[in-house]
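For the sequence shown, the working numbering assigns the number 5 to the initial residue and increments by one for each residue that follows. Don't be surprised by glycine CBs; every beta carbon is placed ideally from N, CA and C. Everything below concerns the one structure shown next.
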Amino acid sequence: MAIKTLEELFVHELGDIYDAEHQFLEAQQKMRKQASSKTIITMLEKHIVETEQQIKNLEQVFKALSEKPEREKCQGAAGLVAEGNKMLKETADNPELADFAMAGAMVKVEHYEIPAYEGLIIGAEKMKQKEIVKLLKENLKQEQQTAKKVAATLPKLLEEAMTSESSSAASA
Ligand code: FE
Ligand code: FE
Numbered sequence: 005m006a007i008k009t010l011e012e013l014f015v016h017e018l019g020d021i022y023d024a025e026h027q028f029l030e031a032q033q034k035m036r037k038q039a040s041s042k043t044i045i046t047m048l049e050k051h052i053v054e055t056e057q058q059i060k061n062l063e064q065v066f067k068a069l070s071e072k073p074e075r076e077k078c079q080g081a082a083g084l085v086a087e088g089n090k091m092l093k094e095t096a097d098n099p100e101l102a103d104f105a106m107a108g109a110m111v112k113v114e115h116y117e118i119p120a121y122e123g124l125i126i127g128a129e130k131m132k133q134k135e136i137v138k139l140l141k142e143n144l145k146q147e148q149q150t151a152k153k154v155a156a157t158l159p160k161l162l163e164e165a166m167t168s169e170s171s172s173a174a175s176a
């Protein structure tokens, strides 16, 4: 269907991130099952709760526009999730390496979400939809904070992966 107005484009993009959030929620739940480091488990558990709230916020946004919440298949998210799943499989025998890889995947996801929300916020501001701007900014802030927090754990997780690698090499 051709998109003709800013509002139509906005609703399309909204459906896109709405679908992405569902995909990322499922992916995080999956990672949570495989994660072993306390650092990553804590971050995942917090962001799983936040993601559930983000989905509710998006439903509020649809409502404010008198639209039914509808998922628009997000190929970008699907690609990130597929890569993440492949990586989970390939690191299944090495928990430290898996944790480090999971944190890397999380950072990528957050950096995919950030511009999606920034774009929607610009659109909502143009449409003078104050309540929508507020809801979307809540989501954006959580993504930014998560990106920062997870990125900050990467050196430590890398260190742990390297330590386990050298100890397993020594025992081999
Ligand atoms: Fe999100
Ligand atoms: Fe996120």
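Check	Outcome
Quick check on DSSP: helix, strand or coil for Ser168?	helix
Report back the beta-carbon spacing between Met106 and Ile44 to the nearest angstrom; my notes put them in contact at under 8 Å.	6 Å
Measuring alpha carbon to alpha carbon, tell me which residue in Thr46, Lys34, Gly19, His16 is nearest Val154.	Thr46
Taking the alpha-carbon positions, what's the Lys77 to Lys141 distance?	23 Å
Leaving out five residues on either side along the sequence, give the residues of the same chain with a beta carbon under 6 Å from the beta carbon of Arg36.	Leu48
Do the CB positions of Glu147 and Glu122 come within less than 7 Å of each other?	no
Cutting at 6 Å between CB atoms, please list the residues of its own chain near Glu54, excluding the five before and the five after it.	Gln146
Applying the 10 Å Cβ sphere with the 16-neighbour rule, what's the burial state of Met166?	exposed
Please report how far the alpha carbon of Phe104 lies from the alpha carbon of Leu162, in whole angstroms.	6 Å
Where are the beta strand (DSSP E) runs, 3 residues long or more, that stay fully inside the segment 126 to 162, in chain order?	none
Touch check for the segment 117 to 137 and the segment 68 to 86: three-plus C-beta pairs under 8 Å?	yes
Output the distance between the C-alpha atoms of His51 and Ser171, rounded to the nearest integer angstrom.	32 Å
Take Lys130 and list the residues in its own chain whose beta-carbon comes closer than 8 Å to its own, dropping the five residues that flank it on each side.	Leu10
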